[in-house]
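Undergrad:
Residue numbers (UniProt numbering): 1 to 106.
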């Protein structure tokens, strides 16, 4: 099992709009397809920073969920374009982490 920590930078001054879109559209859409979103956060030190965390059982599940979400017509035609208009895509940082043996997230 592993987690994917995704750090995004919203367009300047648009973080509130971004969070609303994530919580009203992106997260529910991904959850309906089986994605396990374990956390959604705003950066307390960066007014445009946002972080969210997804959990995967293994690489096979990750590949299947990525395909289900990002190959979906709704993502391609509606959600994806909205996401890219609200974020600065080139500032996205994705970190894959594995909980340690004593971690409560294991």
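Where is the CB? At the ideal position from N, CA and C, for every residue including glycine.
(1) List the endpoints of the continuous alpha helix (DSSP H) containing residue 53.
(2) Here's the rule I'm using: 16 or more other beta-carbon atoms within 10 Å means buried, otherwise exposed. How should residue 26 be labelled?
(3) Of the choices 15, 90, 29, 55, whose alpha-carbon is the least far from that of residue 45?
(4) Would you kindly work out how many angstroms separate the C-alpha atoms of residue 77 and residue 102, rounded to a whole number?
(5) Tell me, please, whether the stretch 66-83 touches the stretch 46-53 by the rule of three or more beta-carbon pairs shorter than 8 angstroms.
(6) Pull the bridge partners of residue 36 from the DSSP assignment, please.
(7) Please report how far the alpha carbon of residue 7 lies from the alpha carbon of residue 94, in whole angstroms.
(8) Could you compute how far the alpha carbon of residue 75 sits from the alpha carbon of residue 100?
TA: Inspection of the coordinates gives the following:
(1) In the chain shown, counting from the first residue as 1, residue 53 sits at position 53. Element bounds for residue 53: not the alpha helix (DSSP H) but the beta strand (DSSP E), 49-56.
(2) In the chain shown, residue 26 corresponds to position 26, counting from 1. Under this definition residue 26 is a buried residue.
(3) Taking the chain shown and counting its residues from 1, one reaches residue 45 at position 45. Nearest Cα to residue 45 within the set 15, 90, 29, 55: 15.
(4) Within the chain shown, the letter at position 77 stands for residue 77. Within the chain shown, the letter at position 102 stands for residue 102. So the two alpha carbons sit approximately 42 angstroms from each other.
(5) Look at the beta carbons and you see the stretch 66-83 not touching the stretch 46-53: under three pairs across the two are nearer than 8 angstroms.
(6) In the chain shown, residue 36 corresponds to position 36, counting from 1. Its beta-bridge partners are 55.
(7) To locate residue 7, count along the chain shown from 1; it is residue 7. To locate residue 94, count along the chain shown from 1; it is residue 94. Distance between the alpha carbons of residue 7 and residue 94 is about 6 angstroms.
(8) Position 75 of the chain shown, counted from the first residue, corresponds to residue 75. Position 100 of the chain shown, counted from the first residue, corresponds to residue 100. Whole-angstrom Cα-Cα distance: 34 angstroms.
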